[in-house]
Amino acid sequence: MGRYLIRRLLTAIPTLIAISFVIFAILDLAPSDPTGNLPLTIPPEVKEQIRESLGLGQPFHIRYIKWMQQFFVTEPLNILEETTGITIGDSTSRFRLRSWQTRGPVIDLIIERLPQTLWVVGLAYLVSVVIAIPLGVISAVKQYSWIDQTATIFSMIGFSVPTFFTGLLAIIIFSVHLGWFPSFYDTTHQVTDWPSFIFQVKQIILPVSVLALFQTATLNRFTRSSVLDNLPQDYVRTVRAKGFREYYVIMVHVLRNSLIPVVTLVALGIPTIFGGAIITEQIFRINGLGALLIIAIQGSDIPVVQSLTFIFAILIVLFNLIADVIYGFLDPRIHYD
Amino acid sequence: MTAQSEAIALPVATRKQRTLWGDVWIQFRKHKLAMFGLAVITLIVVGVLAGPLIYTKDPEYIDFTVANQPPSLQHPFGTDNLGRDGLARNLFGGRISIAVGIVAMLISMFVGSLIGAVSGYYSKLDGPLMRFTDMMLALPLLPLLLVIILLFRDTLRAMFGPETGIFLLIVFVIGILNWMPTARVVRGSVLSIKEKEFVEAAISIGTNENTVLLKHVFPNVLSPIIVAATLSIANAIITESALSFLGLGFPSDVPTWGRLLYDGKDFMTFTPWVVIFPGLFISFTVLGINFMGDGLRDALDPKLRE
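Structure (C-alpha cells):
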C-alpha cells in the first residue's frame, strides 16, 4: 500500500506539470491582448510599458517557469507565513502572483471567495449524499416498487434537466410566486442571532437544493445499481441461509460491499461539483470561486484564470488519488504492488 | 464440429431472416422509456426542421407593440421584451442547438474511437495514449471551455464570420474536450475483442494489422460507441447551453436554447415564458436522448436479450 501510494503520487506530478503547461500555453498563446481593453488614447509606447510591467516582455518558457515558481514556491510560502507568523527569507521583495484587475495577490482573492463556494457546494454535496444513498439502497431492495419507480423518474429528471434551468424555475416558483426564499444569495449577511440565522437558512436552501438535485440523481442511480449487483451474490444467500433477518443482511453485509464503488464516486465527484457551482453561483449571484472565474475571464485577468483553472485541476488529480486509495483500503480483494 | 452442426441446422431454421439491426429494434421496442424518448426526440427534431417552414414568423422580427405578451393563439409561446415571437425563436434555436450536439458528437466520437482503438490494439502506443487520456480527464472542463472560447472567439469570428466562426469554435472545443470517456470504453472493448479466436484466425491467414483492426475488431466495438454517441449529443447540448447561459456562447442574434435562457433570465420575474419554453426544450431533448441511450445500451447488449 505504501509503495503504491508513493508510485501514484509520483505519477501525479508529471500529470500536474503537463496540465499546468496546457493551461499556461492556452492562455498565453491565445491571440488576446490584456491591454486590448485599455482606452485607445494611450500611446503605443505606454501600452508596451504596461505589457512589460505585467511581465509579458519575456520569452514564453521564462514566463512559464516564473509562473510555476510563483504558484508552487512563493505563494505557499506566503500562506505559511501568514498562518504561522514566522518570516521565511526575504518575504517583502518576493514577486507575488498578482491579479491584473485588482492588483492584489491572487491567493488573497481566492481565500476571500472560498468560504462561500465551500458552504454552498459542500452543503449541497452533503445533502445529496444523505438523500441519494439511502434512497438508492431502498430502490434496489424494493426493485420496481413505487418508491423505486418514483426515484427513477426523479433521477432521470435531475440528471437531464440542467442546473441553469432548475435554478431559474426554482426562483420563478419559490421566490417570485410563493415568496418563500430570496432569489439571490447575500454573501455579506452575518449570522448574529436567531432571525439572521433563519435568513441564512432561507437563502441557502434554493442554491443547495438545485445543486443537490443533480448530484443526487447520479449518486442514487449508482448506489441502486451497485446494490443490485451485490444482491444476487452467493455471500448474500449464505447470510440469508444462516437465518439472519433481511434488515441485517442488507444493512451489514450488502451495504458494506455495495458502498465501496459509491464512496469512490463520491470522492471523484467533489472536484466536478466545483464546475457545476460556476453555473449555480451565476444564477443565485453568489460571489464564490465560480463567479471570480467568470469575472476574471471576462476581464482577461490571466493570472487569476490560470491559477483558478490550475487549482481545479489539482483538485481533480488529488481526488482521483484519494478515490484510488480509498478503494484499495475498503476493498480487500484489491492488492496494490 | 460446431461449424458442421450449424451447417446441418441451417436449412431446418426456415424462420424469417433476422438482421443484427432488426434484433436491436425488436429489443429496443420492448423498452418503454426508450420508445418514449425516441418519440420525444423525433417530435422535437421534426418540429425544429419542418416547423419554421410551416410556422413562418421571422424569429428576428422586432415589434414593440406586442412585447412581453403571454402565450396566446397569435404567439403560442408568447413574446419577449422586444416583441419577438417565442415559438419561432425556439424552433430556430433548436436547429442550432441540435446541430451543435450532433457535430460535437461526431468530433468526439471520431477522436475517441480513433485513440481508443489504436491504444487498445497497438500495445506499444497504449501507455502513452492512456496517460494522455488521463491527463485530459484531469483538465477542468467547464473553466477551460470558457477560457478557450473567450480567447479565440474574436479571431474565429474575423476568419469565418460571426455565426459560422462561433459555431465552429464551440463545436470543436466541446468535441475535443469530451472524447476521453469514449476512448476508454473503446479501448476496453478492443482489448477484450482482440484476444478472441476470430481475430486470431484473421491474423493467422496473414491479414494485415490495420485491416484486422478496421474490418474485424472495429465493427464489434460499434455498440459501445453508439451508446456513447447518443449520450454525448445530450452532453454537448447541455454544454452549449451552459456556455450560452454564461454569456460566452452564441451571440444574441443566434437564438440557441441556452442563449434564449440567458437573454430571458433578466425578465423571468414578469415574463416567465421566455425562460420556461427553451428550458423545457433542452430538458426534453436531453431526457429523450438519455432514455434512448438507456434503451440502446440494453438493446445492443446480446447478453441481455431473451
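These protein sequences, in sequence, are chains P and A. 212 is the number that this note's numbering gives to position 212 of the first sequence; each next residue is one higher, with no gaps. 384 is the number that this note's numbering gives to position 47 of the second sequence; each next residue is one higher, with no gaps. From the three backbone atoms N, C-alpha and C, an ideal C-beta is built for every residue, glycine too.
If you scan the segment 96 to 172 of chain P from start to end, which runs of the alpha helix (DSSP H) of 4 or more residues do you find wholly inside it?
You should have 106 to 141, 146 to 160, 163 to 170.
For chain A, check one thing: does any of its Cβ atoms lie closer than 9 Å to the Cβ of P:Thr150?
Taking the first residue of the first sequence as position 1, residue 150 of chain P is located at position 150. In terms of beta-carbon proximity, P:Thr150 stays away from the interface with chain A, with every pair separated by 9 Å or more.
Once DSSP output is grouped into helix, strand and coil, what is the label at A:Thr416?
If you number the second sequence from 1, residue 416 of chain A lands on position 79. The answer is strand: DSSP assigns A:Thr416 an E or B state.
Taking Cβ-Cβ distances shorter than 8 Å, what residues in chain A pair up with P:Phe222?
If you number the first sequence from 1, residue 222 of chain P lands on position 222. Among the residues of chain A, none has a CB under 8 Å from the CB of P:Phe222; the nearest is roughly 14 Å distant.
In terms of residues, what are the limits of the alpha helix (DSSP H) holding A:Leu514?
Mapped onto the second sequence, residue 514 of chain A falls at position 177. Looking at the DSSP string, A:Leu514 is not in any alpha helix (DSSP H), and its letter there is neither H nor E.
Going by DSSP, which residues form a beta bridge with A:Asp422?
In the second sequence, the residue the question calls residue 422 of chain A occupies position 85. DSSP, once it has assigned bridges, lists A:Thr416 as partnering A:Asp422.
Establish whether the CB of A:Lys369 and some CB of chain P are separated by less than 9 Å.
For this step, residue 369 of chain A is matched to residue 32 along the second sequence. Among the residues facing chain P, A:Lys369 is not included, as its CB has no counterpart in that chain under 9 Å away.
Euclidean distance between Cα positions of A:Ala573 and P:Gln49
Here residue 573 of chain A refers to the residue found at position 236 when the second sequence is read from its first residue. Here residue 49 of chain P refers to the residue found at position 49 when the first sequence is read from its first residue. Computed Cα separation, rounded: 42 Å.
Determine the burial state of P:Thr163: buried for a count of at least 16 other Cβ atoms within 10 Å of its Cβ, exposed for fewer.
Taking the first sequence and counting its residues from 1, one reaches residue 163 of chain P at position 163. Burial call: buried.
Write down the C-beta distance between P:Gln70 and P:Ile286 rounded to the nearest angstrom, noting that I regard them as a contact closer than 8 Å.
Counting from one through the first sequence, the residue named residue 70 of chain P turns up at place 70. Counting from one through the first sequence, the residue named residue 286 of chain P turns up at place 286. Contact flag wrong, Cβ pair sits at about 28 Å.
Using DSSP with H/G/I as helix, E/B as strand and the rest coil, what is A:Thr339?
What you label residue 339 of chain A is simply residue 2 of the second sequence in a count that begins at 1. Because the pLDDT of A:Thr339 is 49, which lies under 50, any placement of that residue in the model is unreliable, and the number read from its coordinates should be weighed accordingly. Residue state, collapsed to three classes: helix.
Integer-rounded CB distance, given that P:Gly158 should sit under 8 Å from P:Leu123:
In the first sequence, residue 123 of chain P corresponds to position 123, counting from 1. In the first sequence, residue 158 of chain P corresponds to position 158, counting from 1. Rounded to whole angstroms, the Cβ separation of P:Leu123 and P:Gly158 is 17 Å, and the two are not in contact under 8 Å.
Using only the alpha-carbon positions, how far apart do A:Phe504 and P:Ile294 sit?
Walking along the second sequence from the start, residue 504 of chain A turns up at place 167. Walking along the first sequence from the start, residue 294 of chain P turns up at place 294. So the alpha carbons of these two residues sit roughly 21 Å apart.
Is the CB-CB distance between P:Val106 and P:Leu114 below 9 Å?
Walking along the first sequence from the start, residue 106 of chain P turns up at place 106. Walking along the first sequence from the start, residue 114 of chain P turns up at place 114. Contact flag unset, no.
List in chain order: all unbroken alpha helix (DSSP H) runs of 4+ residues lying wholly within the segment 455 to 480 of chain A.
Fully enclosed alpha helix (DSSP H) runs of 4 or longer: 460 to 474.
Residue from A:Gly449, A:Leu488, A:Leu598, A:Gln364 with nearest C-alpha to A:Arg521:
What you label residue 521 of chain A is simply residue 184 of the second sequence in a count that begins at 1. Distance from the Cα of A:Arg521 is smallest, within the candidate group A:Gly449, A:Leu488, A:Leu598, A:Gln364, for A:Gly449.
Which class does P:Asp331 belong to by DSSP, given the choice of helix, strand or coil?
Reading the first sequence from its first residue, position 331 is the one you call residue 331 of chain P. Correct three-state label for P:Asp331: coil.
Using the beta-carbon of each residue, which ones in chain P are nearer than 7 Å to A:Val612?
Along the second sequence, one-based indexing puts residue 612 of chain A at 275. The answer, in chain order, is Leu168.
Can you give me the Cβ contacts of P:Leu135 inside the same chain, cut-off strictly under 7 Å, excluding the 5 residues immediately before and after it?
Working through the first sequence from its first residue, we reach residue 135 of chain P at position 135. Cβ neighbours of P:Leu135 beyond the five flanking positions: Ala151, Asn220.
Given that a residue counts as buried once 16 or more other Cβ atoms are within 10 Å of its Cβ, and exposed if not, what is A:Lys602?
The count along the second sequence starts at 1 and reaches residue 602 of chain A at position 265. It counts as buried.
CB-CB length for A:Ile435 against A:Val385, believed under 8 Å
The sequence position of residue 435 of chain A within the second sequence is 98, counting from 1. The sequence position of residue 385 of chain A within the second sequence is 48, counting from 1. That belief holds up - the Cβ atoms of A:Ile435 and A:Val385 are roughly 6 Å apart, short of 8 Å.
Cα-Cα, which of P:Arg3, P:Phe154, P:Gly288, P:Gly275 is closest to P:Leu118?
Reading the first sequence from its first residue, position 118 is the one you call residue 118 of chain P. Closest option to P:Leu118, Cα to Cα, is P:Gly288.
Using the three-state DSSP reduction, which class does P:Gln190 fall into: helix, strand or coil?
Position 190 of the first sequence holds residue 190 of chain P. Residue state, collapsed to three classes: coil.
Using a Cβ-Cβ cut-off of less than 8 Å, give me the residues of the segment 486 to 515 of chain A that come near chain P, in sequence order.
So the close ones are Leu487, Leu488, Phe489, Asp491, Thr492.
Burial state of A:Asn427, where buried means 16 or more other Cβ atoms lie within 10 Å
By one-based count along the second sequence, residue 427 of chain A stands at place 90. Residue burial is scored here from C-beta neighbours: A:Asn427 has at least 16 other C-beta atoms within 10 angstroms and is therefore classed as buried.
Of all Cβ atoms in chain A, is any one closer than 9 Å to the Cβ of P:Thr338?
Examination of residue 338 of chain P is not possible in this model, given that chain P is present from 1 through 337 alone.
Touch check for the segment 355 to 373 of chain A and the segment 621 to 640 of chain A: three-plus C-beta pairs under 8 Å?
Yes: the two stretches touch, three or more of their Cβ pairs being nearer than 8 Å.
Do we get a CB-CB distance below 9 Å when we pair A:Thr339 with the residues of chain P?
The residue you call residue 339 of chain A lines up with position 2 of the second sequence. Residue placement at A:Thr339 cannot be trusted, given a pLDDT of 49 that sits under 50; the coordinates are not used to answer.
Do P:Thr264 and P:Ala323 count as a contact pair if the criterion is CB distance below 9 Å?
Your numbering for residue 323 of chain P matches position 323 in the first sequence. Your numbering for residue 264 of chain P matches position 264 in the first sequence. Yes, the pair counts as a contact, with Cβ atoms nearer than the cut-off.
Would A:Gly625 pass as a contact of A:Leu375 if the rule is Cβ separation under 9 Å?
As a working note, residue 625 of chain A is residue 288 in the second sequence. As a working note, residue 375 of chain A is residue 38 in the second sequence. Pairing A:Gly625 with A:Leu375 gives a Cβ-Cβ distance under 9 Å.
Close beta carbons around P:Asp331, own chain, < 6 Å, minus the five adjacent residues each side
Translated into positions along the first sequence, residue 331 of chain P becomes position 331. Once the five neighbours on either side are set aside, the close Cβ partners of P:Asp331 are Ile260.
Cβ separation of P:Ile19 and P:Ala313, assumed to be a contact under 8 Å, to the nearest whole Å
Translated into the one-based positions of the first sequence, residue 19 of chain P becomes position 19. Translated into the one-based positions of the first sequence, residue 313 of chain P becomes position 313. Indeed, because the Cβ distance is near 5 Å, the residues count as touching under 8 Å.
Give, in chain order, every residue of the segment 524 to 544 of chain A whose Cβ lies closer than 8 Å to some Cβ of chain P.
Going along the segment 524 to 544 of chain A in chain order, one finds no residue with a Cβ nearer than 8 Å to chain P.
Taking the CB atoms as reference points, tell me whether A:Val484 and P:Val304 lie closer together than 9 Å.
Within the second sequence, the letter at position 147 stands for residue 484 of chain A. Within the first sequence, the letter at position 304 stands for residue 304 of chain P. Taking 9 Å as the Cβ cut-off, A:Val484 and P:Val304 do not qualify as a contacting pair.
Counting only beta-carbon atoms, is P:Met68 nearer than 9 Å to chain A?
For the purposes of this step, residue 68 of chain P is taken as the residue at position 68 of the first sequence. No, because no Cβ of chain A sits closer than 9 Å to the Cβ of P:Met68.
With 9 Å as the threshold, decide whether the Cβ of A:Gly595 is near any Cβ in chain P.
In the second sequence, counting from the first residue as 1, residue 595 of chain A sits at position 258. A Cβ of chain P is located within less than 9 Å of the beta carbon of A:Gly595.
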